[in-house]
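The sequence shown: position 14 = 14 (our numbering), numbered continuously.
Note that the Cβ used here is the ideal one computed from N, Cα and C, for glycine as well.
Values in this document were obtained by computation on a predicted structure and should not be read as measured data.
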Amino acid sequence: FLPQIQNALHYSYSNGPLECLNNHIKVLKRNAYGFRNFYNFKLRIMIRHGKTFLTK
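Encoded structure:
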């Protein structure tokens, strides 16, 4: 595992922001029983993450 550890120390990349996004979507999905269709669910995700454009 030495090359992977060296890469982790050399490059400052992290998948933390993506994990946060996935977690927010999963929480919203658990609470999404009231959404009538997938469009409303997708719109809610976009609004939650700052993408508020309304196109169908």
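- Helix, strand or coil at H24 [DSSP, three-state]: Three-state DSSP puts H24 in a helix.
- Item | Three-state secondary structure (DSSP) of H49 | coil
- Query: Per the contact definition of three or more C-beta pairs closer than 8 Å, is the region 36 to 53 in contact with the region 17 to 27?
  - Reply: yes
- Query: Which of helix, strand or coil does DSSP assign to R44?
  - Reply: helix
- How many Å lie between Q40 and Y33 at the Cα? Strictly speaking, residue 40 in this sequence is Asn, with Gln absent from that position. About 11 Å.
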